[in-house]
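Visitor:
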Amino acid sequence: MRLNTVKFSGLATAIAIVSIMSACGNNEAKTEGTAAKPAVTTDANKDKIVFVDSDSLLNQYEYFKVLKTKMEAKGKAADADMKAKGQAFQRDMQQYQAQAQGMTAEQRAATEERLGRKQQELQAYQQNAGAAFQNEQAKEQEALYNKVADYLKVYAKDKGYKMVLKYQKGMGDILFADASLDVTSEVIKGLNEAYTKEKK
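Per mature numbering (1 follows the signal peptide of the UniProt record, and there is no 0), the sequence shown runs over residues -23 to -1, 1 to 177.
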C-alpha cells in the first residue's frame, strides 16, 4: 500500500493569486524607468487609457503580502499534517510486515482489513484537506481581486480614465506604452492607504 500526499505549495498560492489579477479584464503595458509625472486634471485625462504593472502592484500591496504569508503558512501546516499522518501509516505497515509471519491467517486478514480502511480514510482526508485548501485559496483570491477592482473603478472615475490596463512582463499583447501612462505607484499608494484604514 502506498500513500500519495497532496502538495500544498505556498509559491503556487502566490502564482495563483498573481494569475487571478490577469482576470481583472485589464491588459497592461510597462516601460523601463517611469519618471515622476505632474498631476493631471480630469479634462486632460478624457478618454485616456492608463496601465498598472501587476507584478509591482502585488509585490508592494500590503494586503497581498499579508495574504501570501497567511496562505504559505497554511500550506506548510497542511504539508506537515499530511506528512505526519503518512508516516504514522507507514509505521503501522512496517509493524505488520515485521509481525505477519507470527500471526494466524485470521489475524493477518483482520490486520490487513484494518490497514486497508486506514489507508482509505487517509486518502479521503487528503482529498478533503486539498479541496478545503483550494476553496479557501479561491475565496482569498476573489477578495484580492475585488479589493483591487473596486479601488480601480473609483480611481478611474475620479481621474476621468476610460480604461485601466494590466501589464505583466512576458504576458499580454501590449509591447510598448509611454511611461506617462503608468499609474502603478499612485495605485499602490492608494491601495495601501485604503488597507491601512481598513485595519484600524
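Just so you know, even glycine gets a beta-carbon here, dropped at the ideal spot from N, CA and C.
1. In whole angstroms, what is the alpha-carbon distance linking V17 and S157?
2. Starting from I26, follow the beta strand (DSSP E) in both directions and report where the run begins and ends.
3. Using three-state DSSP, classify L142 as helix, strand or coil.
4. One question on the structure: do M48 and Q100 come within less than 8 angstroms of each other, judged by their Cβ atoms?
5. Do L142 and I26 have their CB atoms nearer than 8 angstroms?
6. What distance in whole Å lies between the Cβ atoms of A77 and R85, which are believed to be in contact at a cut-off of 8 angstroms?
7. Taking its Cβ as the centre, do 16 or more other Cβ atoms sit within 10 Å of Q118, making it buried, or is it exposed?
8. Roughly how many angstroms separate the alpha carbons of A106 and A55, rounded to a whole number?
9. Please name the residue or residues paired with M148 in a DSSP beta bridge.
10. Tell me whether D135 sits in a helix, a strand or coil according to DSSP, three-state version.
11. I need the straight-line Cα distance from L168 to Q72, nearest angstrom please.
12. Let me know the secondary structure DSSP gives Q155 once reduced to three states.
Guide: On the basis of the data shown:
1. Because V17 sits at a pLDDT of 43, beneath the cut-off of 50, its placement in the model cannot be relied upon, and the following sentence gives the value as read from the coordinates. Distance between the alpha carbons of V17 and S157 is about 11 angstroms.
2. For I26, the enclosing beta strand (DSSP E) stretches over residues 25 to 30.
3. Taken through DSSP and simplified to helix, strand or coil, L142 comes out as strand.
4. If you check the CB distance, M48 and Q100 do not come in under 8 angstroms.
5. Closer than 8 angstroms, so yes.
6. With a beta-carbon spacing of about 6 angstroms, R85 and A77 fall inside the 8 angstroms limit used to define contacts.
7. A residue is called buried when at least 16 other Cβ atoms come within 10 angstroms of its Cβ; Q118 meets this threshold and is buried.
8. If I take the Cα positions, the gap works out to 8 angstroms.
9. BP columns for M148 point to Q145.
10. Of the three classes helix, strand and coil, the one that applies to D135 here is helix, per DSSP.
11. Roughly 57 angstroms between the two C-alpha positions.
12. In the sequence under discussion, the amino acid at residue 155 is Asp, which differs from the Gln named in the question. DSSP, read as helix, strand or coil, puts D155 in coil.
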